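Its first residue numbered 1369, the sequence shown is counted upward by one per residue in the numbering used here. Every residue gets a Cβ at the ideal spot worked out from N, C-alpha and C, and that includes glycine. No experiment lies behind these values; they were computed from the predicted model shown.
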Amino acid sequence: MGPIKYSVALCSAPVRLLAGSICYRPPRRRILDRVAGAIRGCLQRIGVQGVEPTVKFFLALSALLGASFSLLQAAEPDLSPSPTAPAVSVPPLNFQHETLPNGLEVYSVEDHSSPTVAVQVWYHVGSKDDPQRRSGFAHLFEHMMFKGNEHLSPDAFENLTENIGGENNAFTAPDVTVYHEVVPSNYLNPILWAEAERMSSLALNEANFKSERDVVKEEYRQRILANPYGDFFLDTVKNSYAVHPYKRPGIGSIEELDASKLAEVRAFHATFYRPDNATLVVVGDFQPNELQEWVKKYFGAIKKPAEKIPRVTAKEPPRKEDKRIVKYSSKVPLPAIAITYLAPSLRSEDAPALNLADEILSGGDSSRLYQALVYEQQIAQQASFGADLSQDLGLLTVRLILASGKTPADAEKAFNAELNRFLKDGATPEELAKAKNRFLTGKLMERETNNGKASALGEAAVLYGDPNRVNTDLAKLQAVTADQVREAVGRYLTNKKKVVIEYLPEAMKPAAPAKEAKKS
1369 MGPIKYSVAL
1379 CSAPVRLLAG
1389 SICYRPPRRR
1399 ILDRVAGAIR
1409 GCLQRIGVQG
1419 VEPTVKFFLA
1429 LSALLGASFS
1439 LLQAAEPDLS
1449 PSPTAPAVSV
1459 PPLNFQHETL
1469 PNGLEVYSVE
1479 DHSSPTVAVQ
1489 VWYHVGSKDD
1499 PQRRSGFAHL
1509 FEHMMFKGNE
1519 HLSPDAFENL
1529 TENIGGENNA
1539 FTAPDVTVYH
1549 EVVPSNYLNP
1559 ILWAEAERMS
1569 SLALNEANFK
1579 SERDVVKEEY
1589 RQRILANPYG
1599 DFFLDTVKNS
1609 YAVHPYKRPG
1619 IGSIEELDAS
1629 KLAEVRAFHA
1639 TFYRPDNATL
1649 VVVGDFQPNE
1659 LQEWVKKYFG
1669 AIKKPAEKIP
1679 RVTAKEPPRK
1689 EDKRIVKYSS
1699 KVPLPAIAIT
1709 YLAPSLRSED
1719 APALNLADEI
1729 LSGGDSSRLY
1739 QALVYEQQIA
1749 QQASFGADLS
1759 QDLGLLTVRL
1769 ILASGKTPAD
1779 AEKAFNAELN
1789 RFLKDGATPE
1799 ELAKAKNRFL
1809 TGKLMERETN
1819 NGKASALGEA
1829 AVLYGDPNRV
1839 NTDLAKLQAV
1849 TADQVREAVG
1859 RYLTNKKKVV
1869 IEYLPEAMKP
1879 AAPAKEAKKS
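What follows is the structure in structure tokens.
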């Protein structure tokens, strides 16, 4: 499985966010302890000597500078394997699977290495399922899921998690909405009860609806309106799809949020929040017989509605021509340009190669685009290439924020030159090895926590449609060759129609032609 990336609205969450994800709220997290454990486990697995001094060094630096997470990312040790290094084996997740009579899919992994348990509920509804002219609705409803019901107080999840040393959060992605908790294992029973409660019924009243709508609108103001390039990121996605609902922004818009009604929220819950549209994942310290008993007791009692679940059927047509859009903004300090190409589904056989191309071209300061366009030619201040793949299809997106005095034409020419060089020569053995190792490091760190394991299993079962991929995809990725990466990029970029969005400062807008004076 490929990397899951931040997009548009960035936030902190205890699981990897899917492309286009928007999370409920920043959690309270013990970042240093979690990162220390992840680094310790990762270094031990790949054979780095002197693990504890390395971990302590990172933590000391983080504490001194007060930027633990960003620093750890920026200062990660060079663990790149040699091009001939043997494949790394990731311990498999030995999961159990059951389908309840009401359609709920249940996956579990018993792991007694720590006295904690992670619970995730994956609903097969995301921003692509937003009603017409109601963009942001799935995200709004994610907020409503924390408002409780007649048996569940609005602060129930905090009381059951954060107040006892655990955590809870949620995020909305294009294809799914996910709710997740980590608690001491003796709190598994009440967490399962609480998740079943909010699946079955919610306190959907006018006061709750308006308060959460205001919260989401404020998120929009902070993440989009207050961000100089917020509209640039949204416009890139909006203009890259012709008909598929992926074009609608997951965070919504002020106008469409204001137009939403309480009755629509109730209908959304009845339509999508049902057992046959959900997958429950439980990983950690539990007894299988107790888990089975509690799941059947709480979730098994929820009836499966008779109505069919509506699914997105729109098919994005092939592009027939290039499209160029030029926009001006008073907020933008420097010009920016985005170039997008249609890409396959994340389930495609080309997905691993495209995800590796993503890393090779823009994975860190040593990547192709950064070295060429930012460091050497100094055409751009930021340069990225993203393989943003979702369940139905995806985009390959180049984004450049230009250096002062440079034009979109300069940037586009420079990118095309780098692309042609990559399509001709491909990646070097060292570049390919480094890209693969970044994936491996992320996977190893993910497997150090119950929540990370649950996230990986949920992605495989729900997004990829095959839970066994949680144990097979890394081997496939490690087998990808440099030629396969080059060929995959060429398949979707060579002679393909592109959408180009230029986002320019207002000062670059051409002056309107002067009107001719009327002759008397």
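Segment limits, alpha helix (DSSP H) that includes residue i
| i | result |
| --- | --- |
| Ser1697 | Careful: Ser1697 lies outside any alpha helix (DSSP H), inside the beta strand (DSSP E) at Lys1691 to Ser1697. |
| Gln1660 | Pro1656 to Tyr1666 |
| Phe1539 | Phe1539 -> not in any alpha helix (DSSP H); beta strand (DSSP E) instead, spanning Glu1535 to Thr1540. |
| Leu1808 | Pro1797 to Glu1814 |
| Ser1495 | Careful: Ser1495 lies outside any alpha helix (DSSP H) and carries neither H nor E. |
| Ser1503 | Taken as a continuous stretch (DSSP letters only), Ser1503 belongs to no alpha helix (DSSP H), as it is neither H nor E. |
| Glu1526 | Ala1524 to Leu1528 |
| Asp1834 | Note, Asp1834: premise wrong, no alpha helix (DSSP H); not H, not E. |
| Ala1721 | Ala1719 to Ser1730 |
Nearest-angstrom Cα separation, counted from residue j out to residue i
| i | j | result |
| --- | --- | --- |
| Glu1855 | Asn1517 | 53 Å |
| Tyr1666 | Asp1756 | 37 Å |
| Ala1879 | Leu1648 | 58 Å |
| Val1585 | Leu1791 | Before going further, note that residue 1585 is Lys rather than Val in the sequence given. For Lys1585 and Leu1791, the distance between alpha carbons rounds to 43 Å. |
| Met1513 | Leu1570 | 7 Å |
| Asn1531 | Phe1654 | 21 Å |
| Gln1590 | Glu1658 | 44 Å |
| Ile1559 | Val1651 | 13 Å |
| Val1868 | Glu1816 | 41 Å |
| Val1474 | Leu1520 | 23 Å |
| Asn1818 | Thr1467 | 22 Å |
| Glu1675 | Asp1851 | 48 Å |
| Lys1864 | Lys1844 | 27 Å |
| Ala1711 | Val1848 | 18 Å |
| Ile1573 | Gln1500 | The sequence as given places Asn at residue 1573; Ile does not occur at that position. Approximately 22 Å, taken between the alpha carbons. |
| Leu1630 | Gly1826 | 31 Å |
| Pro1881 | Ala1538 | 52 Å |
| Ile1747 | Lys1774 | 6 Å |
| Ser1495 | Phe1509 | 10 Å |
| Ala1610 | Arg1634 | 30 Å |
| Arg1859 | Glu1563 | 44 Å |
| Lys1683 | Pro1613 | 10 Å |
| Asn1595 | Lys1699 | 8 Å |
| Lys1811 | Val1458 | 8 Å |
Residue span of the beta strand (DSSP E) that contains residue i, given as start and end
| i | result |
| --- | --- |
| Glu1549 | Thr1545 to Pro1552 |
Beta-carbon proximity list for residue i, same chain, < 6 Å, skipping 5 on both sides
| i | result |
| --- | --- |
| Asn1557 | Trp1662 |
| Trp1561 | Tyr1666 |
| Glu1799 | Ile1728 |
| Arg1789 | none |
| Lys1606 | Lys1615 |
| Arg1692 | Val1868 |
| Glu1549 | Val1487, Thr1529, Asn1536 and Ile1559 |
| Ile1705 | Leu1768, Pro1776, Ala1779 and Glu1870 |
| Ala1828 | Pro1835, Arg1837 and Val1838 |
| Tyr1547 | Val1489 and Ala1538 |
Own chain residues within Cβ distance below 7 Å of residue i, not counting five before or after
| i | result |
| --- | --- |
| Asn1326 | Residue 1326 is absent from the model: the chain starts at 1369 and stops at 1888. |
| Tyr1491 | Val1544, Thr1545, Phe1640, Tyr1641, Asn1645 and Ala1646 |
| Asp1599 | Ile1592 and Ser1697 |
| Lys1366 | Limits of the chain in this structure are 1369 at one end and 1888 at the other, which puts residue 1366 out of reach. |
| Ser1735 | Ile1728 and Leu1729 |
| Glu1565 | Asn1517, His1519 and Leu1520 |
| Asp1603 | Lys1695 and Ile1869 |
| Thr1540 | Ser1389, Ile1390, Gly1494, Ser1495, Ala1506, His1507, Glu1510 and Gly1618 |
| Gly1731 | Ala1803 and Arg1806 |
Residues of its chain near residue i, where Cβ-Cβ distance is below 8 Å and the 5 sequence neighbours each way are ignored
| i | result |
| --- | --- |
| Leu1702 | Gln1749, Ile1769, Leu1770, Ala1771, Ser1772 and Pro1873 |
| Pro1678 | Asp1497 and Thr1639 |
| Leu1714 | Met1369, Gly1370, Leu1757, Ser1758, Gln1759, Gly1762, Leu1831 and Tyr1832 |
| Ala1875 | none |
| Ser1621 | Ser1503, Gly1504 and Tyr1588 |
| Lys1877 | Tyr1696 |
The ligand HEM heavy atom lying under 7 Å from the CB of residue i
| i | result |
| --- | --- |
| Asp1756 | Within the structure as shown, the ligand HEM is missing, as the structure has no ligands at all. |
Those residues which DSSP pairs with residue i across a bridge
| i | result |
| --- | --- |
| Arg1316 | With the chain covering 1369 to 1888 only, the question about residue 1316 has no answer from this structure. |
| Pro1873 | Ser1697 |
| Trp1490 | Val1546 and Thr1647 |
| Glu1473 | Thr1467 and Thr1647 |
| Thr1484 | Pro1552 |
| Glu1478 | Gly1652 |
| Ala1571 | None; Ala1571 has no bridge partner. |
| Leu1520 | DSSP, once it has assigned bridges, lists no residue as partnering Leu1520. |
| Gly1773 | Partner(s): none; Gly1773 has no beta bridge. |
Exercise for the section: At 4 residues or longer, and completely inside the stretch 1598–1666: list those alpha helix (DSSP H) runs for me, N to C. Expected result: Considered as a whole, the stretch 1598–1666 harbours 1598–1608, 1622–1627, 1630–1640 and 1656–1666 as its complete alpha helix (DSSP H) runs of no fewer than 4 residues, in chain order.
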